[in-house]
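Residue numbers (the working numbering): 1 to 340.
All residues carry an ideal CB built from backbone N, CA and C; glycine is no exception.
Keep in mind the model is a prediction, meaning the values are calculated, not measured.
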Ligand code: DAH
């Protein structure tokens with residue numbers, strides 16, 4: 001039996017030297033040291049050995065087993081190392097290759113549009129005032145002359161946070177904040193910001209969008225000032241040749257109220273799909289600040305007058321750049337964003 005074990009040991013040692021891969025090594029392990037391997041098979045023959053000889057044969061067998069195991073792990077290390085070296089040789093890394101630079105980013109199309117608007121109004125003496133997106137029901141509605149029972153509340157579908165707090169449906173509540181902060185100074189501010197409406201999302205309406213509100217309060221402010229400001233802004237933003245018209249309208253916080261239109265920048269007033277064949281595009285709601293709103297802001301309506309306006313940001317950008325779907329703005333698709 002000892003001879004047989006000796007033979008297997010030799011055989012195993014010899015074939016181990018020939019091995020070239022981990023796969024082959026695993027096969028080798030199975031063949032000699034596996035449960036059904038050669039060594040185990042011989043040890044099964046122990047029964048036939050006289051009992052007094054068994055311990056020494058057993059010890060010898062174990063010695064061989066341990067020896068082969070050690071050889072196995074040495075070989076394993078060797079083969080692994082060889083494999084890594086081979087891989088390194090195959091994949092040479094050329095550290096002198098120039099890298100692929102990540103280009104600089106740029107401002108989002110909405111940010112660019114907002115900044116153009118800021119520039120135009122800043123040149124007319126308007127400061128920027130930022131009011132919060134989360135507003136009280138009081139500022140968003142009540143103090144703007146839209147009481148709870150008022151049917152005009154239906155003009156703004158609202159995301160409520162609780163009974164008294166909401167996501168502003170327009171930038172107009174900022175008017176109250178500015179007046180309360182600035183009194184008794186005259187005011188000339190724009191209030192840009194995001195607005196939120198509980199509406200279906202379509203190609204033409206998102207439930208988050210920007211507005212730029214404007215407010216001027218002083219001692220001799222008239223509708224003429226509002227008209228001049230709007231005409232100047234439209235021409236500066238959309239082209240010197242723009243025509244602007246004012247239509248009577250209704251908003252609870254202005255009296256009188258108007259809607260500001262300009263001739264369609266695509267068809268120049270002839271009529272097309274974009275202007276729905278009217279030749280005109282609506283760019284803002286506006287009007288003379290309602291006496292109740294002035295009073296709520298702390299300004300005595302017998303002494304002060306004011307005008308206000310509110311304009312969209314995405315819609316005019318869509319017209320200017322021929323963007324067909326408002327949803328593109330906030331999809332973060334670089335193929336879209338890179339065009340501007
Ligand atoms: N807040 C109005 C809206 O979101 C827009 C608006 C209209 C603002 C007239 C004004 C204004 O300041 O005078 O529909």
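- Rounded to whole angstroms, the separation of the alpha carbons of residue 261 and residue 218 is 25 Å.
- Around the beta carbon of residue 248, fewer than 16 other beta carbons lie within 10 angstroms, which makes this residue exposed.
- Residue 199 has its Cβ no nearer than 7 Å to any heavy atom of the ligand DAH.
- Boundaries of the alpha helix (DSSP H) harbouring residue 226: 223 to 238, taken from the DSSP string.
- At least 8 Å separates the beta-carbon of residue 340 from that of residue 225.
- When DSSP states are grouped into helix, strand and coil, residue 211 belongs to the strand group.
- Residue nearest to residue 159 within the set 177, 197, 203 and 239 is 197 (criterion: CA-CA distance).
- Counting C-beta atoms within 10 angstroms of its own C-beta, residue 134 has fewer than 16 neighbours from the protein chains shown and is therefore classed as exposed.
- Minimum Cα-Cα distance from residue 61 among the listed residues 72, 77 and 41 corresponds to 41.
- Cβ-Cβ separation between residue 79 and residue 12: approximately 16 Å, too far for a contact (criterion under 8 Å).
- Counting every other CB atom within 10 Å of its CB across the protein chains shown gives residue 263 a total of 16 or more, marking it as buried.
- Excluding residues up to 5 positions away in sequence, 291, 294 and 295 lie with their Cβ nearer than 7 Å to the Cβ of residue 301 in the same chain.
- Given a length threshold of 4 residues, each whole run of the alpha helix (DSSP H) inside the region 19 to 96 is given here in chain order: 22 to 33, 38 to 44 and 54 to 90.
- Linking residue 39 to residue 85 through their CA atoms gives a straight-line distance of about 34 Å.
- Judged by DSSP secondary structure, residue 192 falls within the beta strand (DSSP E) whose first and last residues are 187 to 196.
- Excluding sequence positions up to five before and after residue 8, its CB lies within less than 8 Å of the CB of 32, 38, 39, 42 and 64, all in the same chain and listed in chain order.
- Taking residue 167 as reference, the option from 315, 131 and 147 with the minimal CA-CA separation is 131.
- Measuring C-alpha to C-alpha distances from residue 146 to each of 254, 122 and 202 identifies 254 as the nearest.
- Between residue 179 and residue 185, the alpha-carbon positions lie close to 9 Å from each other.
- Here the alpha carbon of residue 104 sits roughly 25 Å from the alpha carbon of residue 326.
- Taking residue 119 as reference, the option from 206, 211, 274 and 237 with the minimal CA-CA separation is 237.
- Pairwise C-beta distances place the region 108 to 118 in contact with the region 202 to 219, as three or more of them are shorter than 8 Å.
- DSSP places residue 336 in the helix class (H, G or I) of the three-state scheme.
- Your pair residue 19 and residue 89 does not check out as a contact, with CB atoms roughly 20 Å apart and the cut at 8 Å.
- Residue environment: residue 206 is assigned as buried (16 or more neighbouring CB atoms within 10 Å of its CB, all protein chains considered).
- Taking the Cβ of residue 205 as the reference point, every heavy atom of the ligand DAH lies at 7 Å or farther away.
- About 26 Å separates the Cβ atoms of residue 232 and residue 176, ruling out a contact at the 8 Å cut-off.
- Non-local C-beta neighbours of residue 311 in its own chain, meaning closer than 7 Å and more than five positions away in sequence, comprise 211, 212, 283 and 284, ordered along the chain.
- Separation of residue 235 and residue 242 (C-alpha to C-alpha, rounded to the nearest whole angstrom) is 5 Å.
- Excluding the 5 residues flanking it on each side, residue 270 has same chain C-beta neighbours closer than 7 Å at 279, in chain order.
- 29 is the residue among 220, 29, 92 and 52 whose C-alpha sits nearest the C-alpha of residue 70.
- In this structure, the alpha-carbon of residue 48 lies about 16 Å from that of residue 59.
- Residue 190 is positioned such that its CB atom lies closer than 8 Å to that of residue 214.
- Beta-carbon to beta-carbon, residue 174 and residue 129 are separated by about 6 Å, close enough to satisfy the 8 Å threshold.
- Within the chosen limit of 7 Å, the ligand DAH reaches the beta carbon of residue 287 through at least one heavy atom.
- For residue 310, the enclosing beta strand (DSSP E) starts and ends at 305 to 312.
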